[in-house]
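Worksheet: the structure to be examined is printed underneath.
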Ligand SMILES: Cc1ncc(COP(=O)(O)O)c(C=O)c1O
């Protein structure tokens, strides 16, 4: 059976095995000590891993794109004030979906110039928050543009408008994560786009950009090249019809990560960025279009590997041929296995190098048979009371977490410079009751 230590490559870049007994340390901090002190389930975010991921994007853009560029963090992957502060310090923009994420970005100190707003069906409150705080509002469809009304966008500080295009092509990923296909609920097709551009020009609205996003957790950028060509074709036609060209262009985010050892190595960022940059340069040159500012909008590939979820095994159970490790978290803090059939891996926090006893199923405490975090993973002979650590837990876990079965959402510790700091506390029963005013 494969060496369990191969899984260390899934963990944050600062992860080491040290001590007696040997155990996991992240950024020099003893994970067992954190679990003992803070309880479980517990989420850890390693800043050095975040920094390495953003460096990879920024360096690849500088190397491969001759025009201006910016990395915009997709806040939907995970957002809290500490993450916003880190993103702002690293020069990132922040993509917010709706008023709630905008409020977190503002509370974390994101200036207007860095906030971009998405949403397929923005409420009046979402639009108000965007007008008050964002530099860019990405309009999803013509109806939204009409609702904005001529009177709304007159102040100098109000957001510029971009239009979201549906290229009619998705990337290769789970159907629930595809967004660019013809029948997707997101964005506008060519005819609607043309009407939207004309409406903006007629009303003198500050239209400056085009956005598209074909899906999430893909490893092959090829469909992105075809999608980009389709979008540039639409842009060239708009230029011919109206004279307008975008100053900004975003092909969204979605670059994938490795979630379990079968997917290693992690897909490198540089070839993806190089592919997009070169295709954009060539596509603009072929159509006589000016080079736009290139925006990339990654979420998962910036934060997923930085995050680790720590659980305690409460019981080990056998049903038929299956060995169950029943842990204290599950679908309430990580819905991805139930939602997408996502596969994960894990290691015991203490003595992680122990050889596997055989396959194990790691399941949560919630009243759903689908509350299974990991299926059939070769695992050591883990006993009740032990902690296990699940790597690649930084994206779309806590952002999608729920209070199912009265679960209290777990705390988040931020690891930097050899120290752990609580940035989100554990929810309490009082939190559960706080908005129950009945
Ligand atoms: C518009 C948009 N941008 C960026 C992203 C980020 O995707 P990922 O976290 O996979 O990079 C998404 C994800 O759904 C998205 O819808």
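Numbering (this note's numbering), first residue to last: 1267 to 1704. Note that beta-carbon positions come from the ideal geometry of N, C-alpha and C, so glycine has one too. Since this is a predicted model, take the numbers as computed values, not measurements.
- In the DSSP assignment, residue 1426 falls within the beta strand (DSSP E) that extends over 1426-1430.
- Per the coordinates, the alpha-carbon of residue 1342 lies some 10 angstroms from the alpha-carbon of residue 1384.
- Note that the segment 1589-1599 does not touch the segment 1553-1565; fewer than 3 beta-carbon pairs, one per stretch, sit closer than 8 angstroms.
- The beta carbon of residue 1476 sits closer than 7 angstroms to those of 1428, 1429, 1431, 1497, 1501, 1512, 1515, all from its chain and outside the five residues before and after it, given in chain order.
- With fewer than three CB-CB distances shorter than 8 angstroms, the segment 1397-1407 does not count as touching the segment 1482-1491.
- The beta-carbon separation of residue 1566 and residue 1661, rounded to 4 angstroms, stays under the 8 angstroms limit for a contact.
- If only complete runs of 4 or more residues are kept, the segment 1377-1420 shows the alpha helix (DSSP H) at 1390-1399, 1408-1418, in order along the chain.
- Under the DSSP assignment, residue 1330 falls in the alpha helix (DSSP H) whose first and last residues are 1313-1330.
- With contact defined as three or more Cβ pairs closer than 8 angstroms, the segment 1294-1303 and the segment 1514-1530 are not in contact.
- A residue is called buried once 16 or more other Cβ atoms fall within 10 Å of its Cβ, and residue 1312 is buried on that count.
- Counting C-beta pairs closer than 8 angstroms gives three or more between the segment 1591-1611 and the segment 1630-1641, which meets the contact rule.
- Under the three-state reduction of DSSP output, residue 1304 falls in the helix class.
- Residue range 1535-1553 is occupied by the alpha helix (DSSP H) that includes residue 1550.
- In its chain, beyond the 5 residues on either side, 1291 have a beta carbon closer than 7 angstroms to the beta carbon of residue 1284.
- Distance check between residue 1640 and each of 1442, 1393, 1606, 1366 places 1606 closest, using alpha-carbon atoms only.
- Shortest gap from the CB of residue 1520 to any heavy atom of ligand 1: under 7 angstroms.
- Beyond the five residues adjoining it in sequence on each side, residue 1533 comes within less than 6 angstroms, by CB distance, of 1485, 1522 in the same chain, given in chain order.
- Set against 7 angstroms, the gap from the CB of residue 1406 to the closest heavy atom of ligand 1 is not smaller.
- Taking 7 angstroms as the cut-off, the C-beta of residue 1565 counts as close to a heavy atom of ligand 1.
- Contact check for residue 1536 against residue 1322 passes: the beta carbons are separated by less than 8 angstroms.
- Ranking 1310, 1278, 1279, 1271 by CA distance to the CA of residue 1686 puts 1310 first.
- In this structure, residue 1675 lies near residue 1667, with their beta-carbon atoms less than 8 angstroms apart.
- Within the same chain, 1341, 1345 come within 6 angstroms of residue 1367 by CB-CB distance, once the 5 residues on both sides are set aside.
- The beta carbons of residue 1508 and residue 1463 sit about 6 angstroms from each other, so the pair counts as a contact at 8 angstroms.
- In summary, residue 1684 is exposed, with fewer than 16 beta-carbon neighbours lying within 10 Å of its beta-carbon over all protein chains present.
- In terms of Cα proximity to residue 1620, the closest of 1348, 1356, 1638, 1647 is 1647.
- Between residue 1645 and residue 1626 the beta-carbon gap is near 4 angstroms, inside 8 angstroms, which marks them as a contact.
- In chain order, 1427, 1466 place their CB closer than 6 angstroms to the CB of residue 1473, counting only its own chain and leaving out the 5 sequence neighbours on each side.
- Residue environment for residue 1563: buried (at least 16 other C-beta atoms within 10 angstroms of its C-beta).
- Taking 8 angstroms as the cut-off, the Cβ atoms of residue 1483 and residue 1445 do not count as close.
- Taken in chain order, the unbroken stretches of beta strand (DSSP E) that lie wholly in the segment 1465-1497 and span 3 residues or more are 1473-1477.
- The Cβ atoms of residue 1308 and residue 1679 lie closer than 8 angstroms to each other.
- For residue 1532, the shortest separation between its Cβ and any heavy atom of ligand 1 does not lie below 7 angstroms.
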